[in-house]
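S.K.:
Residue numbers (the numbering used here): 1 to 143.
#1: Is it a yes or a no for the stretch 87-99 touching the stretch 42-58, going by three-plus beta-carbon pairs under 8 angstroms?
#2: Among the candidates 103, 20, 132 and 116, whose CA atom is the shortest distance from the CA of residue 49?
#3: Go through its chain and collect everything with a Cβ distance to residue 137's Cβ below 8 angstroms, but skip five positions before and after it.
#4: In the DSSP output, which residue or residues are listed as bridge partners for residue 26?
#5: Using the three-state DSSP reduction, which class does residue 83 fall into: helix, strand or coil?
#6: On the three-state DSSP scale, how would you describe residue 37?
#7: Using beta-carbon positions only, say whether residue 69 and residue 27 come within less than 8 angstroms of one another.
#8: Can you look up residue 47 in the DSSP assignment and give me helix, strand or coil?
#9: So, using beta-carbon positions, are residue 71 and residue 37 closer together than 8 angstroms?
#10: On the DSSP bridge assignment, give the partners of residue 61 in chain order.
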């Protein structure tokens, strides 16, 4: 039986996942030790968050003596892309360009990042339209 994955995770669950992605395999103590400078979580909080992620099918567990080792089969980049796709599915198409511009203006970028963005934008010009059509149900936006 294949377990379904719930990709809707909280900000605190994201903190745990970032450790798991960086470490590949880790324990709840390792997660807590890494995050303790950023979050003042009790051990029970870390274990609760891990339990939720296991229930959601995002984390795998493996027993090793008296402790559990946590890992994931999900790539961070794929998970982020899926989350962004879900977010953009809930935004009026007319607002997407402004939101992307806002994200870029608030981000610290390297020269290489900027060159990559310029290449993508240059390619997007080939498919650009004069006016982006609204994709909302009437009454969902102010278009």
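For each residue, glycine too, the CB sits at the ideal point set by N, CA and C.
From a predicted model like this one, the values you see are computed outputs, not experimental measurements.
M.R.: Short version:
#1: no
#2: 20
#3: none
#4: 70
#5: helix
#6: coil
#7: yes
#8: helix
#9: no
#10: 70
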